[in-house]
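Visitor:
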Amino acid sequence: MSEATLLSVRNLSLGVRRKGRPATVIVDDISFGVAEGMRFGIVGESGSGKSMTLRAIANLLPAGVEVLSGSIEYRGKDLRAMPARSRLALAGQEIAMIFQEPMTALNPVMRVGDQIAESPRRNLGLSKSAAMDLAVDMMRKTGIPDPARRARAYPHELSGGLRQRIMIAMALSCSPKLLLCDEPTTALDVTVQHQVLRLLEQLCEDTNTALIFVTHDLGVVNQTCRELGVMYAGELVERGRVKDVFAGPRHPYTKGLLDSAPDFDQPDRELIAIPGFPPNLADRATGCPFQPRCAFAVERCATDRPRLESVLPGREAACFESARIFEGVTA
Amino acid sequence: MTEVTEQQSVLRVANISKEYSLGQGLLNRFGGAKKASLKALDGVDLDLRRGEVLALVGESGSGKSTLAKILVGALKPTGGEIHELGLAEGAGRKERSRHVQMVFQDPYSSLNPRISVGSMLAGLLRLHRVVPNSEVRAESIRLLNRVGLQEDALQAYPSQFSGGQRQRLAIARALAVRPDVLVADEPVSALDVSIQATILELFKSLQDELGLSILFIAHNLAVVQHLSQRVAVMYLGRIVEIADTAEIFSNPRHPYTRALIDSIPRMSADSVTDPFEVEGEPPSPINVPPGCRFHPRCPVATDRCRTEDPGLTPVGPGHASACLLAAELPPYRGVPALKEER
Chain A
36 MSEATLLSVR NLSLGVRRKG RPATVIVDDI SFGVAEGMRF GIVGESGSGK SMTLRAIANL
96 LPAGVEVLSG SIEYRGKDLR AMPARSRLAL AGQEIAMIFQ EPMTALNPVM RVGDQIAESP
156 RRNLGLSKSA AMDLAVDMMR KTGIPDPARR ARAYPHELSG GLRQRIMIAM ALSCSPKLLL
216 CDEPTTALDV TVQHQVLRLL EQLCEDTNTA LIFVTHDLGV VNQTCRELGV MYAGELVERG
276 RVKDVFAGPR HPYTKGLLDS APDFDQPDRE LIAIPGFPPN LADRATGCPF QPRCAFAVER
336 CATDRPRLES VLPGREAACF ESARIFEGVT A
Chain B
5 MTEVTEQQSV LRVANISKEY SLGQGLLNRF GGAKKASLKA LDGVDLDLRR GEVLALVGES
65 GSGKSTLAKI LVGALKPTGG EIHELGLAEG AGRKERSRHV QMVFQDPYSS LNPRISVGSM
125 LAGLLRLHRV VPNSEVRAES IRLLNRVGLQ EDALQAYPSQ FSGGQRQRLA IARALAVRPD
185 VLVADEPVSA LDVSIQATIL ELFKSLQDEL GLSILFIAHN LAVVQHLSQR VAVMYLGRIV
245 EIADTAEIFS NPRHPYTRAL IDSIPRMSAD SVTDPFEVEG EPPSPINVPP GCRFHPRCPV
305 ATDRCRTEDP GLTPVGPGHA SACLLAAELP PYRGVPALKE ER
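Residue numbers (this note's numbering), protein chains in the order written: chain A, 36 to 366; chain B, 5 to 346.
1) What does Thr226 (chain A) reach in chain B if we use C-beta pairs closer than 7 Å?
2) Can you check which of these residues, B:Gln164, B:Tyr336, B:Val76 and B:Leu60, is closest to Ala178 (chain B) by C-alpha distance?
3) From the DSSP output, read off the bridge partner residues of Arg16 (chain B).
4) What residues from chain A crowd round Arg270 (chain B), counting only those whose CB sits closer than 9 Å?
5) If you follow the alpha helix (DSSP H) that Leu89 (chain A) is part of, which residue opens it and which one closes it?
6) Taking contact to mean 3 or more Cβ pairs, one atom from each stretch, closer than 8 Å, check whether the stretch 119-135 of chain A and the stretch 59-67 of chain A are in contact.
7) Spell out whether any CB of chain B is found under 8 Å from the CB atom of Glu240 (chain A).
8) On a CA-only basis, which of A:Glu305, A:Glu362 and A:Thr338 is nearest Arg287 (chain A)? Give me that one, please.
9) Starting from Asp266 (chain B) and walking both ways along the alpha helix (DSSP H), at which residues does that stretch end?
10) Three-state secondary structure (DSSP) at Gln105 (chain B)?
11) Does the stretch 258-270 of chain A come close enough to the stretch 72-88 of chain A to have 3 or more Cβ pairs within less than 8 Å?
12) Using a threshold of 8 Å, state whether the C-beta atoms of Asn257 (chain A) and Val231 (chain A) are closer than that.
13) Please name the residue, chosen from A:Arg340, A:Gly254, A:Thr259 and A:Val227, that lies closest to Phe299 (chain A) on a Cα-to-Cα basis.
14) Flag this pair as yes or no: are the beta carbons of Ile203 (chain B) and Leu195 (chain B) separated by less than 8 Å?
15) Among A:Ile92, A:Leu197, A:Leu161 and A:Tyr189, whose alpha-carbon lies nearest the alpha-carbon of Met174 (chain A)?
16) I'd like the span of the beta strand (DSSP E) that includes Pro318 (chain B), first residue to last.
17) Between which two residues does the alpha helix (DSSP H) harbouring Gly127 (chain A) extend?
18) Run down chain B in chain order and give the residues with a C-beta less than 9 Å from the C-beta of Glu80 (chain A).
19) Please return the same chain residues whose Cβ sits closer than 7 Å to the Cβ of Arg110 (chain A), not counting the five positions on each side in sequence.
20) Using a Cβ cut-off of 8 Å, pull out every chain B residue sitting near Ala140 (chain A), in sequence order please.
21) Reducing DSSP to helix, strand and coil, say where Ser208 (chain A) ends up.
22) Measure the Cβ-Cβ separation of Glu262 (chain A) and Phe75 (chain A) and say whether it is below 8 Å.
23) How many Å lie between Ala201 (chain B) and Val235 (chain B) at the Cα?
24) In chain order, what are the residue ranges of uninterrupted beta strand (DSSP E) at least 3 long that sit wholly in the stretch 127-211 of chain A?
25) Report the neighbours of Leu148 (chain B) on chain A: residues whose CB is nearer than 9 Å to its CB, in chain order.
26) Classify Pro111 (chain B) as helix, strand or coil using the three-state DSSP reduction.
27) Please tell me whether Pro111 (chain B) and Gly152 (chain B) are closer than 8 Å, where the distance is taken between their beta carbons.
28) Measuring alpha carbon to alpha carbon, tell me which of A:Thr220, A:Cys336 and A:Gly311 ends up nearest Ile268 (chain B).
29) Could you tell me the alpha carbon to alpha carbon distance between Gly283 (chain A) and Asp189 (chain B), rounded to whole angstroms?
30) Using 10 angstroms around the beta-carbon of Val44 (chain A), count the other beta-carbons present and answer buried if the total reaches 16, otherwise exposed.
31) Less than 8 Å between the beta carbons of Pro314 (chain A) and Ala320 (chain A), yes or no?
32) Give the C-beta separation of Met167 (chain A) and Gly148 (chain A) to the nearest angstrom, bearing in mind that I take them to be a contact with Cβ-Cβ under 8 Å.
33) Pick helix, strand or coil for Lys112 (chain A), following the three-state DSSP scheme.
34) What's the call for Pro211 (chain A), buried or exposed, on a 16-neighbour Cβ count within 10 Å?
35) Arg256 (chain B): buried (16+ other C-beta within 10 angstroms of its C-beta) or exposed?
36) Apart from the five residues just before and just after Leu147 (chain B), which ones in its own chain have a Cβ nearer than 7 Å to its Cβ?
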């Protein structure tokens with residue numbers, strides 16, 4: 036990586052510890068790095084561990100889920116080894132997060148202007164009025180009409196699109212270096228989604244903010260991100276530039292995802308579903324987790340587990356047969 | 005794709021409207037202020053042809069689900085008529101429900117968790133006397149096989165199935181009474197992409213093999229384009245454009261349709277910078293703007309649009325648009341070219 040690495044996740048495993056039994060692994064030994072200003076998308080289906088990975092970085096794991104091993108380094112400092120106070124200071128100021136459902140993530144009994152102003156007051160030491168001015172300014176930047184008046188509104192008085200803009204204004208109020216987005220547009224209508232994605236892209240470009248964008252929508256990731264990680268059953272199975280991965284997937288699951296999603300620009304292409312179901316994470320089989328559903332599987336796939344390895348410059352895949360996947364030759 | 009016999013409709017609605025009157029504050033009541041009302045549907049005409057998949061698209065609050073509920077008889081419209089063709093005059097509620105069946109969005113909340121799949125299907129088959137009692141079990145198995153499930157599902161409860169399988173059960177339930185029309189309200193939007201494809205294929209096979217007419221409500225235009233023969237676009241309680249699928253996506257004649265198409269996150273092309281990008285969000289159906297209801301967000305609105313309320317008028321064969329400027333819109337540029345490197 037040429038640019039300075041901002042965040043690096045190394046061999047991170049998340050799971051639920053259980054008494055007397057091995058822990059249930061939700062995210063299994065994943066590693067990736069995010070450079071300054073880079074936009075990194077993580078795609079995968081429900082239960083693939085993409086949201087948990089994001090929550091681990093933000094230190095917002097739900098009760099019961101723990102980091103089993105590995106490290107999360109931000110500017111070379113291990114976040115997990117950091118004292119709680121300094122990690123808290125980092126949150127909001129350097130690392131911010133945008134959630135999927137703006138209604139549940141906002142405080143319903145606090146005016147939205149005050150909610151945006153809270154972080155600048157605490158982190159940047161601004162006075163009450165200066166923080167409020169910044170809040171109104173941020174709201175204007177996110178395209179909220181009549182921001183001074185809207186700042187006095189409560190979340191329930193605003194529409195879904197406006198609430199999501201409030202979340203964005205809140206997250207960007209301290210000019211963070213890293214923005215974590217968990218499906219920020221899934222609850223929005225398409226025309227509003229389009230506006231919000233444009234806005235995110237533009238604000239990140241203006242302030243050179245890096246983005247980790249978790250979504251299940253392949254179109255959205257193509258529009259917003261440059262780099263892509265594909266997760267399946269808690270593992271990172273492919274990584275590379277979005278355009279390259281979409282043009283020639285090197286992992287059968289990525290190929291399956293692309294083949295099963297309807298593409299507006301190729302209306303006559305037949306949709307090919309991935310047979311079977313994702314594995315039960317509580318009892319992992321040995322071998323590749325995708326093997327039972329894979330059309331390319333060979334004998335070795337049932338016993339050995341493939342690791343994420345470089346297959347091309349700037350491209351990694353966790354598959355023994357990745358060259359064959361690329362050529363599209365089934366077993 | 006199946007051939008759609010021209011103009012043979014199975015379900016036709018004319019000038020349907022649905023209004024909800026809203027509560028009024030005490031002061032307003034004494035002050036004699038006019039009672040507010042929410043117009044969920046405002047004069048909708050729609051014609052579902054035999055054997056076609058008609059997609060209904062639009063943003064939240066456009067009234068698509070209200071229309072679906074009216075079609076299956078779960079809601080009574082405030083005004084307008086529903087003609088169910090191929091149904092005897094004066095048919096009762098039971099017969100009507102047999103004619104039109106519904107599949108809901110959320111397969112987790114639309115199935116009763118305490119009733120096994122077998123008794124769910126058997127109950128329906130017996131109530132509507134679809135088959136003689138001795139054949140109920142065989143018919144249930146046939147239904148399950150039809151939607152791609154096995155016989156052993158009969159003893160199971162909905163909680164034992166995954167989201168995609170539950171949606172199959174919901175479809176089997178709708179098919180049990182042998183309906184002519186299936187109304188599907190966002191049936192794939194709660195499912196993962198890889199599962200979504202299998203359910204879409206199932207809908208396609210129902211159309212091809214059983215000749216079902218399907219009203220498919222969705223917000224994902226890529227899905228709509230894949231499955232449907234015709235598309236109706238709704239905005240604030242009205243249909244603003246209707247045409248054949250290929251026609252509407254290559255030659256949209258309403259600025260809102262163009263904005264919708266341009267908002268699709270593209271997988272293989274870059275996003276569009278069309279002058280038809282819209283600002284803001286749909287206004288509330290409590291205060292529908294005067295004139296054309298789209299004019300506050302419309303990039304090409306003129307003074308005339310602010311006063312005159314356009315109706316759906318034909319702009320081509322099988323193509324109608326509710327835009328005063330439909331004939332003057334600049335030609336659609338279509339699919340954008342792939343940009344090099346960003």
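Even glycine gets a Cβ: it sits at the ideal position worked out from N, Cα and C.
Guide: According to the structure data:
1) One-based indexing of the first sequence puts residue 226 (chain A) at position 191. The answer, in chain order, is Glu63, Ala263, Leu264, Ser267 and Val282.
2) To locate residue 178 (chain B), count along the second sequence from 1; it is residue 174. B:Val76 is the residue among B:Gln164, B:Tyr336, B:Val76 and B:Leu60 whose C-alpha sits nearest the C-alpha of Ala178 (chain B).
3) As a first step, residue 16 (chain B) must be located in the second sequence, where it is residue number 12. DSSP lists B:Asp51 and B:His87 as partners of Arg16 (chain B).
4) On the second sequence, position 266 is the one that residue 270 (chain B) refers to. Going along chain A in sequence order, the residues near Arg270 (chain B) (Cβ under 9 Å) are Gly254, Asn257, Gln258, Asp298, Phe299 and Asp300.
5) For the purposes of this step, residue 89 (chain A) is taken as the residue at position 54 of the first sequence. Looking at the DSSP string, the run of the alpha helix (DSSP H) that includes Leu89 (chain A) is Lys85 to Ile92.
6) no
7) Numbered from its first residue, the first sequence carries residue 240 (chain A) at position 205. It does not; no Cβ of chain B falls within 8 Å.
8) Working through the first sequence from its first residue, we reach residue 287 (chain A) at position 252. According to the sequence provided, residue 287 (chain A) is Pro. The question's Arg does not apply to it. That would be A:Glu362, whose Cα lies nearest to the Cα of Pro287 (chain A).
9) Counted from its first residue, the second sequence places residue 266 (chain B) at position 262. Counting along the chain, the alpha helix (DSSP H) containing Asp266 (chain B) begins and ends at Pro259 to Ser267.
10) Within the second sequence, residue 105 (chain B) is the residue found at index 101, counting from 1. Correct three-state label for Gln105 (chain B): strand.
11) yes
12) The residue given as residue 257 (chain A) occupies position 222 in the first sequence. The residue given as residue 231 (chain A) occupies position 196 in the first sequence. The answer is no: Cβ separation not under 8 Å.
13) Against the first sequence, residue 299 (chain A) aligns to sequence position 264. Taking only the C-alpha atoms, the option nearest Phe299 (chain A) is A:Gly254.
14) As a position in the second sequence, residue 203 (chain B) is number 199, starting the count at 1. As a position in the second sequence, residue 195 (chain B) is number 191, starting the count at 1. Yes, the Cβ-Cβ distance between Ile203 (chain B) and Leu195 (chain B) is below 8 Å.
15) As a first step, residue 174 (chain A) must be located in the first sequence, where it is residue number 139. Considering only alpha carbons, the answer is A:Leu197.
16) As a position in the second sequence, residue 318 (chain B) is number 314, starting the count at 1. Counting along the chain, the beta strand (DSSP E) containing Pro318 (chain B) begins and ends at Thr317 to Gly320.
17) In the first sequence, residue 127 (chain A) corresponds to position 92, counting from 1. First-last of the alpha helix (DSSP H) with Gly127 (chain A): Ala119 to Gln128.
18) One-based indexing of the first sequence puts residue 80 (chain A) at position 45. Per Cβ cutoff of 9 Å: Asp196, Val197, Ser198 and Ile199.
19) By one-based count along the first sequence, residue 110 (chain A) stands at place 75. Hits under 7 Å: Leu41.
20) In the first sequence, the residue the question calls residue 140 (chain A) occupies position 105. The premise fails here: Ala140 (chain A) is roughly 19 Å from chain B at the closest Cβ pair, so nothing lies under 8 Å.
21) Taking the first residue of the first sequence as 1, we reach residue 208 (chain A) at position 173. Ser208 (chain A) falls in the coil class under three-state DSSP.
22) Counting from one through the first sequence, the residue named residue 262 (chain A) turns up at place 227. Counting from one through the first sequence, the residue named residue 75 (chain A) turns up at place 40. For Glu262 (chain A) and Phe75 (chain A), yes; Cβs fall inside 8 Å.
23) To locate residue 201 (chain B), count along the second sequence from 1; it is residue 197. To locate residue 235 (chain B), count along the second sequence from 1; it is residue 231. Approximately 20 Å, taken between the alpha carbons.
24) Listed in chain order, the beta strand (DSSP E) runs fully inside the stretch 127-211 of chain A are 130-133, counting runs of at least 3 residues.
25) By one-based count along the second sequence, residue 148 (chain B) stands at place 144. Correct list: empty, because the minimum Cβ distance to chain A is about 18 Å.
26) Counted from its first residue, the second sequence places residue 111 (chain B) at position 107. Of the three classes helix, strand and coil, the one that applies to Pro111 (chain B) here is coil, per DSSP.
27) The residue labelled residue 111 (chain B) in the question sits at position 107 within the second sequence. The residue labelled residue 152 (chain B) in the question sits at position 148 within the second sequence. No, Cβ-Cβ distance for Pro111 (chain B) and Gly152 (chain B) is not below 8 Å.
28) Locating residue 268 (chain B) in the second sequence gives position 264, where the first residue counts as 1. Ile268 (chain B) has its Cα closest to that of A:Thr220, out of A:Thr220, A:Cys336 and A:Gly311.
29) In the first sequence, the residue the question calls residue 283 (chain A) occupies position 248. In the second sequence, the residue the question calls residue 189 (chain B) occupies position 185. Taking the straight line from one Cα to the other gives about 35 Å.
30) Numbered from its first residue, the first sequence carries residue 44 (chain A) at position 9. Buried, by the Cβ-count rule.
31) By one-based count along the first sequence, residue 314 (chain A) stands at place 279. By one-based count along the first sequence, residue 320 (chain A) stands at place 285. Against a cut-off of 8 Å, the Cβ pair of Ala320 (chain A) and Pro314 (chain A) comes out as a contact.
32) As a working note, residue 167 (chain A) is residue 132 in the first sequence. As a working note, residue 148 (chain A) is residue 113 in the first sequence. Sure, about 6 Å apart at Cβ, within 8 Å.
33) As a first step, residue 112 (chain A) is located in the first sequence; it is residue number 77 there, counting from the start. Reduced to three states, the DSSP call for Lys112 (chain A) is strand.
34) Start at 1 with the first residue of the first sequence, and residue 211 (chain A) comes out as number 176. So Pro211 (chain A) ends up on the buried side.
35) Taking the second sequence and counting its residues from 1, one reaches residue 256 (chain B) at position 252. In the sequence as displayed, the identity of residue 256 (chain B) is Pro instead of Arg. Buried, by the Cβ-count rule.
36) Walking along the second sequence from the start, residue 147 (chain B) turns up at place 143. Counting only Cβ-Cβ distances below 7 Å, and skipping sequence neighbours, we find Leu125, Ala176, Leu179 and Ala180.
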